[in-house]
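Line by line, the protein sequences are chains A and B.
Numbering-wise (my numbering), the first sequence opens with residue 2 and increments by one.
Numbering-wise (my numbering), the second sequence opens with residue 42 and increments by one.
Built from N, CA and C at the ideal position, the CB exists for glycine as well.
Written out below as structure tokens is the structure these notes cover.
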Amino acid sequence: MASQGLTYEGCNFFRQRLILATLSGKRVKIRNIRSRDDNPGLRDFEASFIRLLDKITNGSQIEINQTGTVLFYQPGLLYGGSVEHECNTQRSVGYYLEALLMLAPFMKNSLKAVLKGVTNDQNDPSVDLLKATAVPLMKKFGIDGVGVEIKVTKRGMAPGGGGEVLFTCPVRRTIRPVQISDPGKIKRIRGTAYSVRVSPQMANRIVDSARSILNKFIPDIYIYTDHMKGANSGKSPGFGLTLIAETLNGTFLAAEMVSPPQGQTPMLPEDLGKACAKQLLEEVYRGGCVDSNNQSLALLYMMLGQQDVSKIMLGPLSPYTIEFLRHIRDFFQIMFKIETQAPVEDEERKGGEKVLMTCVGSGYTNISKTTK
Amino acid sequence: EEESEDEEEEEQVKGKVPADSGHCSEEEDEEEEDDDDEEEEEGEGESGDEEEDEDSEMEEETSNAEVPQKKAKGPKVTTQQQEEEEEEEEELSYDTEGALRWKQDLAQKAAEAFLRRQQATPNLRKLVYGIVAVEDG
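Written out as structure tokens, the structure is:
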């Protein structure tokens with residue numbers, strides 16, 4: 002029986018493997034998870050991720066050996082519904098939310114998830130970033146309406162956490178194929194500077210420094226300040242900035258920076274604002290029709306679309322995306338056509354190399370969705 | 042080639058020429074001749090050949106210096122030196138010709154450059170999926 006499933010080794014790309022296994026219905030076995038480490042086996046955040054998967058599916062079978070170095074996962078049906086999950090504070094809520102974004106449209110019932118934990122940390126894309134980039138992206142694939150929402154009800158910084166995020170998503174029977182090949186020019190820049198358990202002035206200082214760089218390029222900039230206090234401010238102090246560049250064709254490119262967690266070398270809000278603004282410029286240089294954080298999400302939706310050609314222009318592929326492409330081939334036997342497009346030198350539109358990704362959707366239909 | 046060298050060595054022994062000096066000069070003769078052939082075919086790397094020639098001349102001088110000490114200046118050696126000088130003159134003419142020969146096979150050179158460039162651009166599909174993708178096209 003084990004021969005039917007896929008076998009992997011090591012702890013890398015753990016989420017990808019479990020997500021694709023769930024969508025394809027294939028069982029997966031992961032061996033040698035940190036088997037040579039001083040602290041072998043699955044980490045707490047990975048265990049927490051498995052528990053979340055267990056909550057949103059029905060009939061999943063998960064076996065982990067004594068040391069946690071071997072995991073066997075037989076996926077069940079994606080059930081959805083109301084879920085509340087206490088996310089481990091080693092990783093931010095974004096780690097879990099990214100997975101939910103990939104799975105949510107293919108569930109039996111529309112998902113309403115409350116995720117508690119760290120909303121912003123330095124490793125994972127923050128909830129604010131996903132809210133600003135992933136939601137518009139999903140709309141392009143036909144996952145839209147009032148049902149799609151990511152809301153930060155409480156903000157919790159690393160390491161203490163204490164934040165809370167509400168995520169709702171409707172279900173779809175099929176995903177619409179897309180052809181997006183022109184990102185267009187940058188129309189406006191928006192952003193959110195947030196601060197919790199520090200002086201509210203911090204957010205203003207971030208805004209000023211970020212504007213000092215971005216004002217040279219475009220006049221239409223507005224950066225909101227978001228200061229949460231009291232019960233909504235989580236357990237740890239911190240501040241950060243998320244910047245979003247919107248293009249004429251509705252592409253959202255984002256960059257973010259978060260202050261180091263308490264105890265590490267502190268960072269001036271001015272430095273943070275400038276660094277974040279430069280990161281946004283880098284992201285704009287990389288360009289493409291999808292933010293580099295959401296490349297794999299877009300590719301997944303393309304691949305699971307109706308049996309029609311989908312095309313999308315991306316910036317340089319991230320290492321995570323490259324591995325995701327390989328896993329898609331393993332689980333769904335779908336290979337993308339990858340064409341490099343030299344940057345257009347005329348009309349001042351320069352930038353990094355672009356990649357045109359083309360694929361024919363697998364014609365995946367959500368059979369668990371109830372027809373009304 | 043080794044066999045031919047061996048034969049020559051034997052000849053030298055028969056002609057009572059000391060093995061050292063005679064062998065040395067003869068080897069260089071061969072090399073120079075080879076170079077000439079290559080030049081005729083390719084018409085490239087003139088500067089390199091010139092350097093080699095200089096080296097060989099230097100060595101000839103040393104070999105000439107050695108010869109009288111050993112009192113064995115066979116007639117064969119002198120003829121070889123004359124030949125060498127003639128060859129050098131010919132080489133000079135080759136050099137000047139080669140400088141103008143960049144126009145030859147321009148189409149072929151362009152084709153090679155094109156292929157080289159195409160191979161240099163990374164095939165992303167191959168990088169991502171490995172060898173399998175190439176077979177699929």
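Straight through space, the alpha carbons of A:PHE50 and A:TYR97 are spaced by roughly 7 angstroms.
A direct Cα-to-Cα measurement between A:ARG44 and B:GLN149 gives close to 60 angstroms. Residues of the same chain with a CB within less than 6 angstroms of the CB of A:GLU10, apart from the 5 flanking positions on each side, are ARG32, ASN33 in chain order. The C-beta separation of A:SER127 from A:THR134 comes to about 11 angstroms, leaving the pair out of contact by the 8 angstroms criterion. Beta-bridge pairing by DSSP links A:ASN121 to A:MET158.
With contacts defined as CB atoms closer than 7 angstroms, A:MET304 and A:ILE339 fail to qualify as a contacting pair.
In this structure, A:THR243 places its C-beta atom within 7 angstroms of the C-beta atom of A:LEU130. Under the 10 Å beta carbon count, B:PHE155 is surrounded by fewer than 16 other beta carbons and is classified as exposed.
Runs of the beta strand (DSSP E) lying entirely within the region 124 to 195 of chain A and spanning at least 3 residues, in chain order: 150 to 155, 164 to 170.
The bridge partners DSSP lists for A:ALA255 are A:ILE245.
Comparing alpha-carbon positions, the option among A:GLY185, A:GLY146, A:ALA255, A:VAL208 lying closest to A:LEU249 turns out to be A:GLY185. In the three-state DSSP reduction, A:VAL197 falls in the strand class (E or B).
Residue pairing by DSSP places A:SER83 opposite A:LYS113 in a beta bridge. Between the alpha carbons of A:THR226 and A:ASN205 lies a gap of roughly 7 angstroms. In the structure shown, A:ILE335 adopts coil according to DSSP, grouped into three states.
Cβ neighbours of A:ASP221 within its own chain (closer than 6 angstroms, five residues either side excluded): ARG189. DSSP places A:ILE51 outside any beta strand (DSSP E); the residue lies instead in the alpha helix (DSSP H), whose first and last residues are 45 to 57.
Chain-ordered listing is empty here: chain B has no CB closer than 8 angstroms to the CB of A:ARG287, the nearest sitting near 15 angstroms. Considering only A:GLU324, A:GLU271, A:LEU273, the residue with the shortest C-alpha distance to A:GLN296 is A:GLU324.
Between the region 354 to 369 of chain A and the region 156 to 167 of chain A, the count of C-beta pairs closer than 8 angstroms stays below three; the two stretches do not touch.
If you draw a 10 Å sphere on the C-beta of A:LEU318, you find 16 or more other C-beta atoms in it, and that means buried. With a 10 Å radius around the Cβ and a threshold of 16 neighbouring Cβ atoms, B:ASP146 comes out exposed. Interface flag for B:LEU156 against chain A is unset, since no Cβ pair is found closer than 7 angstroms.
In this structure the region 194 to 214 of chain A lies against the region 257 to 275 of chain A, because at least three pairs of beta carbons, one per stretch, are closer than 8 angstroms.
Per DSSP, the continuous beta strand (DSSP E) segment holding A:ARG32 begins and ends at 29 to 32. Excluding sequence positions up to five before and after A:CYS12, its CB lies within less than 6 angstroms of the CB of ILE34, ARG35, all in the same chain and listed in chain order.
In this model, A:LEU24 and A:ASP125 are separated by some 23 angstroms (Cα to Cα). Contact annotation: A:THR70 and A:PRO41 have beta-carbon atoms nearer than 7 angstroms. For A:ILE214, no CB of chain B lies under 7 angstroms from its own CB, so it is not counted at the interface with that chain.
For A:THR359, the enclosing beta strand (DSSP E) begins and ends at 355 to 361.
Annotated as proximal: A:GLN307 and A:PRO178, with beta-carbon spacing under 7 angstroms. Chain-ordered, the chain B residues with CB closer than 8 angstroms to the CB of A:ILE339 read LEU165, ARG166, VAL169. Beyond the five residues adjoining it in sequence on each side, A:TYR223 comes within less than 7 angstroms, by CB distance, of ARG191 in the same chain, given in chain order. Contact between A:GLN62 and A:GLN75 holds: CB atoms are separated by about 4 angstroms, below the 8 angstroms threshold.
A:GLY289 counts as buried, since at least 16 other C-beta atoms from the protein chains shown sit within 10 angstroms of its C-beta. When Cβ-Cβ separations below 7 angstroms define contact, A:MET139 makes no contact with chain B.
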